[in-house]
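Number of protein chains: 2
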Amino acid sequence: MKQSISLVTLGVADVERSAAFYRALGWMPAMEIQETVFFQANGVVLVLWGRDKLAEDMGIDDTRGGWGGMALAHNVGSREEVEAITDDARKAGATITREPAETFYGGYAAGFRDHDGHHWEVAHNPGFGLRPDGSVEISGD
Amino acid sequence: MKQSISLVTLGVADVERSAAFYRALGWMPAMEIQETVFFQANGVVLVLWGRDKLAEDMGIDDTRGGWGGMALAHNVGSREEVEAITDDARKAGATITREPAETFYGGYAAGFRDHDGHHWEVAHNPGFGLRPDGSVEISGD
Chain A
287 MKQSISLVTL GVADVERSAA FYRALGWMPA MEIQETVFFQ ANGVVLVLWG RDKLAEDMGI
347 DDTRGGWGGM ALAHNVGSRE EVEAITDDAR KAGATITREP AETFYGGYAA GFRDHDGHHW
407 EVAHNPGFGL RPDGSVEISG D
Chain B
287 MKQSISLVTL GVADVERSAA FYRALGWMPA MEIQETVFFQ ANGVVLVLWG RDKLAEDMGI
347 DDTRGGWGGM ALAHNVGSRE EVEAITDDAR KAGATITREP AETFYGGYAA GFRDHDGHHW
407 EVAHNPGFGL RPDGSVEISG D
């Protein structure tokens with residue numbers, strides 16, 4: 287696993303309200319699609335997405351408590367890497383919340399929870415540019 | 287506020303156990319100091335720190351529930367920026383959990399919670415290198 291955080295996703299109750307908040311702080315979205323807002327930051331991308339959708343996509347049971355609604359994503363260049371990192375995480379003691387599978391956006395992703403309940407997605411998204419250091423590029427410019 | 291996430295801090299129950307987990311996944315710390323582990327990633331830095339210490343430092347009441355133990359940090363080049371961004375966040379509807387004040391590490395920081403309970407620290411840390419894009423450099427190499 288490369289040392290990279292590709293995306294930080296904030297699960298929110300109201301995407302518009304949250305986007306207005308970050309806009310008020312000076313953040314300008316690079317892309318808004320399917321009620322998801324992407325802000326290109328310094329390598330890492332900040333994403334606003336419905337908390338219920340994020341939980342469902344990541345295999346998180348949000349009724350059990352303990353999850354704050356945030357998830358980190360580690361993007362890679364192939365499905366094989368998604369599977370290899372998921373296996374490594376499992377061996378290291380992570381709880382796999384989403385076994386590697388195709389995603390609704392045409393990618394391939396898995397999800398795990400570390401010992402302290404912090405959630406990671408490991409994803410291959412052919413629609414995103416992936417820099418050598420593991421950063422993704424949303425804006426395309 | 288520049289579009290940057292300088293650090294992602296995972297509040298953990300046992301820093302050694304958590305560090306062992308991330309080491310098993312291939313992450314190598316750039317620095318370990320005062321029971322805090324820093325991993326230099328792609329611009330952003332991943333930090334492991336005791337959840338109780340993180341909560342105390344950020345002014346988070348961890349008994350009220352809702353917080354998952356994760357915090358984002360936005361580092362800036364001066365105390366004045368810490369204050370200006372905190373004011374902007376307050377005007378945008380954030381809850382200020384830590385008014386701008388000196389930190390134990392010789393810096394100056396504030397903390398706020400957005401509408402969905404996601405926590406940000408706004409910090410000036412003279413001990414960290416700060417790149418033009420808002421990324422911090424821990425390793426110094």
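Chain order of the listed sequences is A and B. Using my numbering, read the first sequence as starting at 287 and increasing by one per residue. Using my numbering, read the second sequence as starting at 287 and increasing by one per residue. Glycine is no exception: its CB is placed at the ideal position from the N, C-alpha and C atoms.
Query	Result
Contacts of Asn328(B) in chain A (Cβ-Cβ under 9 Å)	Lys288, Gln289, Ser290, Ile291, Ser292, Asn328, Gly329, Val330, Arg417, Asp419, Gly420 and Ser421
Alpha helix (DSSP H) segment containing Thr372(A), residue limits	Arg365 to Lys377
Within-8 Å CB hit, Gly426(B) to chain A	Below a pLDDT of 50, predicted positions are generally treated as unreliable, and Gly426(B), at 44, falls in that range; no measurement from the model is reported.
Nearest neighbour of Arg337(A), chosen from Arg376(A), Ala395(A), Ala370(A) and Thr349(A) [CA to CA]	Thr349(A)
Nonlocal neighbours in the same chain, by C-beta distance under 6 Å from Ile371(B), ignoring five residues either side	Met287 and Val408
Between the CA atoms of Phe414(B) and Gly426(B) - distance to the nearest angstrom	For Gly426(B), the predicted model reports a pLDDT of 44, less than 50, meaning its position is unreliable; a value from the coordinates is still stated below. If you take the alpha carbons of Gly426(B) and Phe414(B), they lie about 8 Å apart.
Reduced DSSP category for Gly426(B) - H, G, I as helix; E, B as strand; rest coil	A caution first: Gly426(B) carries a pLDDT of 44, below 50, which makes its placement in the model unreliable, though a value can still be read off. DSSP places Gly426(B) in coil when its eight states are reduced to three.
For Tyr394(B): DSSP bridge partner residues	Glu388(B) and His410(B)
8 Å Cβ cutoff, His401(B) in contact with chain A	yes
Cβ-based neighbour list, Thr322(B), same chain, cut-off 6 Å, excluding 5 preceding and 5 following	Trp335
Chain-order list of residues whose beta-carbon lies under 6 Å from that of Gly392(B) (same chain, five-residue window excluded)	none
Spatial neighbours of Ser421(A) in its chain, beta-carbon cut-off 6 Å, leaving aside the 5 residues before and after	Gly329
Chain A contacts made by the segment 347-375 of chain B, where a contact means CB separation under 8 Å	Gly351, Gly352, Trp353, Gly354, Gly355, Met356, Leu358, Ile371, Asp374 and Ala375
For Ala327(A), the three-state DSSP class (helix, strand or coil)	coil
Chain A contact for His410(B) (CB, 8 Å cutoff)	no
CB contact check: Val298(B) to chain A, cutoff 8 Å	yes
Identified DSSP bridge partners for Ile382(B)	Phe398(B)
Selection from Leu293(B), Tyr394(B), Tyr308(B) and Gln326(B) that minimises the alpha carbon distance to Glu366(B)	Tyr394(B)
Identity of the residue in Arg399(A), Leu332(A), Arg417(A) and Phe325(A) nearest Leu296(B) by Cα	Arg399(A)
Touching by the beta-carbon criterion (3+ pairs, under 8 Å), the segment 300-308 of chain B and the segment 306-322 of chain A	no
Cross-chain neighbours of Leu265(A) in chain B, by beta carbon under 8 Å	The structure shown does not extend to residue 265(A), since chain A is modelled only from 287 to 427, so the question has no answer here.
Local conformation of Leu293(A) per DSSP, three classes	strand
CB contact check: Phe325(A) to chain B, cutoff 8 Å	yes
Rounded Cβ spacing between Leu332(B) and Ile291(A) (contact assumed at less than 8 Å)	6 Å
As assigned by DSSP and simplified to three states, the class of Lys288(A)	coil
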